[in-house]
Amino acid sequence: MEGLLNCIPWVHVAACIMVTWIRLLRLAKDSLCCFLILTQISGAFEIRAAQSGHLTFDSSLEVTGKISGYRGIWFDLGQRSAYGSKYSGGLGTYTAKHCPTAIYSKQTHKTFFVYGGTTHQEERRLLAMVGFFDHSTGMVCQPTVVHDKQKVNDPHDNPSLSIDSEGYLWVFISGRARHRPGFKYRSTEPYEIDAFEQISEEEFTYPQPWWIPGQGVLHLFTKYTQGRELYWNRSQYGLGWTNEQKLAGMGGHYQISRCIGSRVITAFNYHPKGNVDKRTNLYFLETSNQGESWQTVDQRKVTPPLTQTDHMALVKDYEADSRLVYLKDITLDGKGNPVILYITSDHHEPGPHLRNREWTIAQWDGHEWNLTKITHAWHNYDMGSLYIEPDQTWRLIAPIGPGPQRYGTGGEMAIWIRPAEKRQWSHFRNLTEESPRNHGYARRPVNAHPDFYAFWADGNPDRLTPSFLYFTNKNGTGLWKLPYTMSHELEKPIRQY
């Protein structure tokens, strides 16, 4: 009997391989896919099924299966100054350059989400995690480990999420620089998270996969070639990919992006001489054909890669004002014009400086870019999400209030509102108050459902603490904490108010 039980995992893996080959054959509609299938059958394709079950965590073994609770990763970059670390704390939903991180599925009435997790409150071992909130039952599932980064504790390696036209979940797990690879995984069943198969191991950082109806997936990402340079490639089914192409290379960039309909819009800064602590300027580009062509906001065609800082894609020359640019979010207004959210700052270090940091909006009005200041920001790495709703209410969910660790990353979460056709922002509601730990990196799900409108993590930037995950509804009338420890496969989130 014991021998039979020991064989069960191998039977499961063999079944996963057989099912995967069948799916791949079904998708093999071009010679590139056929070649990939032959390569996989020959043994080069590694199946890594995250099997259900609870394991004792051994630091020398790979962690797979379910984790009995939502435990966010804590991290400290280690670059310290008079006011603490450059950034640190609960960074399970970090960075702004990892997107999407959550998607609401109308087909299942669930919000699926990914985050950087860990095994235990005293651990800093990074796990790429996926979970869901079931809107029909009001419950969350025990999250699944998609990939164990093992000796890595850095949330730069956090995952991003996409869902294809057949309902398969794709998890793109970031690498770091040129010494840690990125990974692409796909769920073995549509709209299920119990098991994932590894599709590839590649060089990419800050993954931004956008599945475009009727076209396929466009992947925007970063490679550390000559600084942090921007690239893209595309695929019809996620298996065979075009050659990567460089989008921008001015010494380095960070970018954010969004897909609305067939349009993929992106905003990025640039790093003078490759120095990320000097990040400045603001640029905008878009494509409506999966990167076949790119254009500026006023529809002028561009030929990538961008290499000149005074390019016609420039939104604002902040370098001339000795101002730094920290990108947060991007979307379209009711007229289809792009709107960019970011923080401007005098210095890369935390703490007060000569001029205040400012939450800032850049909005194209059809003729020019209009810049609007929302309010002052406490930290360069405070991150929030911008919503432009059907009635043209603008909503910002972000750590705008000062937190208990005043000069650390994050703060108290709040909602700020800009009514339709007005430019004046005002405080609407506090989401958290008198918290023991700072809250940070509020993320907007794709097709966000009003009951799960933003999610984020908390953590003390000054010392290692447990990091909890939270979500709120559209109007901020409820706040829920995801259970840190779960006794059952499905449990209710813990309502805070």
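Mapping the sequence shown onto the working numbering, position 279 (from 1) lands on 347, and the numbers just tick up by one. Cβ atoms here follow ideal geometry from the backbone N, Cα and C, with glycine treated the same way.
CA nearest to the CA of residue i, picked from the options
i, options, result
"Y299", "H224, P373 and I562", "P373"
"E501", "E489, I483 and P487", "I483"
"H447", "Y475, T212, E360 and Y455", "Y475"
"T334", "D345, A316, V344 and K346", "A316"
"F289", "N301, S330 and P420", "N301"
"G199", "F539, G544 and G342", "F539"
"R246", "R254, K291 and P223", "K291"
"T310", "G284, H321 and S325", "G284"
"I231", "P249, I241, T212 and Y259", "Y259"
"N349", "Y138, Y322, D202 and R463", "Y322"
"K219", "A196, R296 and H444", "A196"
"L194", "Q376, Y155, F143 and T477", "F143"
"P529", "H495, L145, W238 and R511", "L145"
"G478", "A445, H215 and T293", "A445"
"E436", "H215, E360 and D366", "D366"
"S156", "D222, V131 and E190", "D222"
"E265", "T428, L237, E297 and P249", "L237"
"K490", "W462, R497 and A516", "W462"
"E297", "K178, V344, T428 and S361", "V344"
"Q460", "T293, S255, V407 and R368", "V407"
"I280", "R254, T355, L129 and T293", "T355"
Beta-carbon proximity check, residue i vs residue j, cutoff 9 Å
i, j, result
"I267", "G319", "no"
"S173", "F180", "yes"
"G469", "L159", "no"
"P561", "K542", "no"
"D414", "L392", "yes"
"N506", "P534", "no"
"T176", "H224", "no"
"N337", "R326", "no"
"I30", "G544", "Absent from the model: residue 30. The displayed extent of the chain is 69 to 565, so no value can be given."
"Y455", "Y521", "yes"
"I135", "R192", "no"
"I411", "Y386", "no"
"Q358", "L286", "yes"
"Y138", "L558", "no"
"V213", "G133", "yes"
"E190", "L550", "no"
"V131", "D262", "no"
Nonlocal neighbours in the same chain, by C-beta distance under 7 Å from residue i, ignoring five residues either side
i, result
"R563", "G546 and W548"
"A381", "Y351, F352, L353, T364, V370 and L374"
"N405", "Q431, W432, D433 and G434"
"K586", "The requested residue 586 is not part of the displayed model; the chain covers only 69 to 565."
"N74", "Its pLDDT being 40, under 50, N74 is placed unreliably in this model, and the value from its coordinates should be taken loosely. The answer is none, since no qualifying residue turns up."
"L106", "Since pLDDT at L106 reaches only 32, below the 50 mark, its modelled position is unreliable, and no value is offered."
"G295", "G319, G320, H339 and G342"
"L499", "M481, A482, I483, T540, G544 and L547"
"P249", "G243, E269, E270 and E271"
"H556", "none"
"S110", "In this prediction, S110 has a pLDDT of 31, which is less than 50 and means its spatial position is unreliable; what the coordinates show is noted afterwards. Cβ neighbours of S110 beyond the five flanking positions: none."
Beta-carbon proximity list for residue i, same chain, < 8 Å, skipping 5 on both sides
i, result
"S503", "G471, P472, E480 and D526"
"H166", "N226, P227, S228, S242, Y274, P275 and Q276"
"A570", "What is shown of the chain runs 69 to 565, which leaves residue 570 out entirely."
"R512", "A170, D397, S453, L454, Y455, I465, Y521 and A522"
"Q376", "M318"
Close beta carbons around residue i, own chain, < 6 Å, minus the five adjacent residues each side
i, result
"V514", "P168 and I171"
"L439", "A430"
"W493", "I442, W484 and R486"
"R423", "D414"
"S303", "G284, V285 and W309"
"E234", "P258"
"P458", "none"
"H253", "At residue 253 the sequence reads Tyr, which differs from the His that was named. Counting only Cβ-Cβ distances below 6 Å, and skipping sequence neighbours, we find V214, V239, F264 and Q266."
Residue i beta carbon near the ligand ADP (any heavy atom closer than 8 Å)
i, result
"T187", "The model depicted lacks the ligand ADP and carries no ligand whatsoever."
Considering only residues of the segment 342 to 416, which uninterrupted beta strand (DSSP E) runs meet the minimum length of 3 residues and lie entirely inside it, listed in chain order?
-> 348 to 355, 382 to 384, 392 to 400 and 406 to 413
Is there contact here, the segment 267 to 276 with the segment 207 to 220, by at least three beta-carbon pairs under 8 Å?
-> no
Assess, as a yes-or-no matter, whether the segment 383 to 402 is touched by the segment 329 to 345 under the definition of 3 or more beta carbon pairs within less than 8 Å.
-> Here the segment 329 to 345 lies against the segment 383 to 402, with 3 or more beta-carbon pairs under 8 Å apart.
Just checking, does the segment 144 to 159 make contact with the segment 411 to 421 on the three C-beta pairs under 8 Å criterion?
-> Judged by Cβ distances under 8 Å, the segment 144 to 159 makes contact with the segment 411 to 421, as three or more pairs qualify.
Between the segment 185 to 194 and the segment 238 to 258, do three or more beta carbon pairs fall short of 8 Å?
-> No: the two stretches stay apart, fewer than three of their Cβ pairs being nearer than 8 Å.
Please go through the segment 494 to 561 and give each complete beta strand (DSSP E) segment of 3 or more residues, from N-terminal end onward.
-> 494 to 498, 506 to 511, 522 to 527, 537 to 540 and 547 to 549
Enumerate, from N- to C-terminal direction, the unbroken beta strand (DSSP E) stretches of 3 or more residues contained entirely within the segment 154 to 205.
-> 156 to 158, 170 to 173, 178 to 185 and 195 to 202
Counting only runs of 3+ residues fully inside the segment 229 to 294, write out the beta strand (DSSP E) ranges in chain order.
-> 237 to 241, 250 to 255, 264 to 270, 273 to 280 and 284 to 293
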